[in-house]
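Worksheet: one structure, shown below.
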Amino acid sequence: MSKSKPDLSQLSPQTRLVTAGRDYAEHGFVNPAVYHGSTVLFPTAQSLHDRSQTYVYGRRGTPTSRAVEDAVALIEGGHNAKMAPSGMAAISTALLAFLKSGDHLLMVDTCYHPARLFCDGMLKGLGIETTYYDPLIGRGIANLMRPNTRVVYTESPGSQTMEVQDIPAIAEAAHKAGAIVMVDNTWGAGHYFKAFDHGADISIQAATKYLVGHSDAMMGTVTCNAETWPRFKDAYEEMGMFAGPDDMYLTLRGIHTLDVRLERHMKNALVVAEWLRARSEVETVLYPALSNAPGHDIWKRDFKGASGLFSIVLKPCREEAVSAFLDELSLFGMGYSWGGFESLAVPFVPHRTATTWTAPGPCIRFHVGLENPDDLTADLNQGFAALRRNA
Ligand SMILES: *Cc1c(COP(=O)(O)O)cnc(C)c1O
């Protein structure tokens, strides 16, 4: 007799995250081993000829990659997943898998900026045309669909400015016109936004952010539904995509604590966002989890929670005042990426081509980490004192 295995499909999301990937652990260890491997030996000439074993070559999958792929597909609720060496590699691989010369892509105007550079650079050079669309277009996307539109790409909430997209309405129009829908699901981490339940065909994440969760590795994930999986899997292999074993392991390790981390990020972010909303220096807080904030209604309808990333628009002030604010902060570091345990603040100027950004003052994006929120608001209070001294 040995202990029975849990049926993950019957368990709650929190329990799934904790047990995900366990099937690949051996010798009684809780965690699976990290396989560093290229060559896999075959015991007989016949088995080499037939490739009749689970693992055939490092790039084609290892117990380490399978464990994290299973875990990611489980979080996302998708059919199967693949890992890429960065979030940006996941985005480019997914787009290249479904677009060819002469095709048309509808890209959200609030996409992650390097994704825009990929469309305007590499895709354009390959003869693939991109049209940027208003993130709040909803079912109006139907008017932009062309006979050669193959992919409608969404990101919700949008990078930096946090517009929440009506993905079900967009997906309905896209599918009617024969296109597939991709979602950059990094903010909701697959745990707080179930992309496949809302009509997406492919969910992409910069696992660098919340899945890894500790700012110590780069990773991307592409999760597919059953229809898109075969083509994506072929393209992934044709392009020679894979990811490093240690970084895949760190992703799996992060996944086990995703639920508790996200819950605390949200709790802290709500405290900090409410505090910011009450400040006279702040024009608007762009955090969909706040009541009356832009996008709150769709967020409430479609999301199960909010992560720790949001932005603010300041009342008009001098650039020197914003710099003084940022320089004064000691707990909010200044740097790119987010999703780790630590708080961050970066100024930004939105880049838009399909819409116009009309907010009156400078913008700052915050990532609220796992520190005590009272310490964070005290830090921000110091920052605002410096801002006023330089106003
Ligand atoms: C960071 C980020 C990416 C890219 O991830 P990398 O791992 O840095 O390449 C993609 N999409 C969003 C929304 C991101 O925030």
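Note that this note's numbering has the sequence shown beginning at 6, numbered continuously upward. Built from N, CA and C at the ideal position, the CB exists for glycine as well.
Along the chain, where does the alpha helix (DSSP H) containing residue i start, and where does it finish?
i, result
"GLN387", "378 to 394"
"SER70", "68 to 81"
"THR24", "18 to 24"
"ASP28", "Where ASP28 is concerned, there is no enclosing alpha helix (DSSP H), given that its DSSP letter is neither H nor E."
"VAL327", "324 to 333"
"LEU257", "250 to 261"
"LEU291", "Run containing LEU291: none in the alpha helix (DSSP H); it sits in the beta strand (DSSP E), 287 to 291."
"GLY92", "92 to 103"
"ILE175", "172 to 181"
"TRP343", "Element bounds for TRP343: n/a, residue is neither H nor E."
"GLN15", "No alpha helix (DSSP H) holds GLN15; DSSP gives it neither H nor E."
"ARG121", "118 to 123"
"HIS54", "50 to 55"
"GLU168", "Unbroken run through GLU168: none, as it is neither H nor E."
"GLU243", "234 to 243"
Name the DSSP bridge partner or partners of residue i?
i, result
"LYS87", "VAL227"
"THR154", "HIS109"
"TYR138", "VAL113"
"GLU279", "DSSP, once it has assigned bridges, lists no residue as partnering GLU279."
"GLY338", "LEU349"
"VAL217", "None, per the DSSP bridge assignment."
"ASP302", "None, per the DSSP bridge assignment."
"THR159", "VAL188"
"THR44", "TYR62"
Between residue i and the rest of its own chain, which residues show a CB-CB distance below 6 Å, the 5 nearest in sequence each way excluded?
i, result
"SER97", "PHE123"
"GLY388", "PHE330, GLU333, LEU334"
"THR256", "VAL73, ALA212, LEU216, VAL217, MET224"
"TRP304", "VAL169, PRO293"
"ALA205", "VAL186, VAL188"
"CYS116", "GLU160"
"ARG357", "ASP114"
"SER220", "GLY345"
What are the start and end residues of the beta strand (DSSP E) that includes residue i?
i, result
"ARG370", "368 to 372"
"PHE315", "314 to 319"
"GLN210", "207 to 211"
"ASP189", "185 to 189"
Excluding sequence positions up to five away, which residues of its chain have a Cβ less than 8 Å from the Cβ of residue i?
i, result
"VAL287", "LEU281, ILE317, VAL318, LEU319, LYS320"
"VAL277", "PHE371, VAL373, PRO378, LEU381, THR382, LEU385"
"SER312", "TRP192, GLY193, ALA194, TYR197, TYR215, LEU267, HIS270, MET271, ALA274, GLY344"
"ILE175", "ILE142, GLY143, ARG144, ILE146, VAL157, THR159, VAL186, GLY204"
"GLU177", "ARG144, GLY204"
"PRO365", "GLU288, VAL318, LYS320, PRO321"
Any idea if residue i is buried or exposed, counting beta-carbon neighbours within 10 angstroms, 16 or more meaning buried?
i, result
"HIS118", "exposed"
"TYR62", "exposed"
"ASP171", "buried"
"GLN165", "buried"
"TYR341", "exposed"
"VAL265", "exposed"
"LYS199", "buried"
"GLN210", "buried"
"GLU160", "buried"
"HIS196", "buried"
"PRO235", "exposed"
"GLU324", "exposed"
"THR226", "buried"
"PHE34", "exposed"
"ASP251", "exposed"
"HIS54", "exposed"
"VAL77", "buried"
"VAL290", "buried"
"ALA262", "The question names Ala, yet the displayed sequence has Thr at residue 262. Label assigned to THR262: exposed."
"VAL354", "exposed"
Within a Cβ cutoff of 7 Å, which residues of the same chain sit near residue i, ignoring the five residues on either side of it in sequence?
i, result
"TYR254", "VAL39, THR69"
"ALA248", "MET88, ALA89, PRO90, MET224"
"ASP380", "LEU336"
"THR361", "none"
"THR24", "PRO11, LEU13"
"ARG269", "LEU375"
"SER52", "GLN58"
"ILE133", "LEU104, SER106, ASP108, LEU110"
"ASN153", "GLY107, ASP108, HIS109"
"ARG284", "PHE389"
Please find out if some non-hydrogen atom of ligand 3 comes closer than 8 Å to the beta-carbon of residue i.
i, result
"LEU122", "Because ligand 3 does not appear in the structure shown, any question about it cannot be addressed here, the ligands present being ligand 1."
Of all Cβ atoms in chain C, is any one closer than 9 Å to the Cβ of residue i?
i, result
"ASN297", "Given the protein chain composition of this structure (a single chain), no chain C is represented."
Item to complete: Please list, following the chain, all residues that have a C-beta closer than 7 Å to any non-hydrogen atom of ligand 1.
Response: SER91, GLY92, MET93, ALA94, ILE96, TYR117, PRO119, ALA120, GLU160, SER164, ASP189, THR191, TRP192, ALA211, THR213, LYS214, MET223, MET224, GLY225, SER342, TRP343
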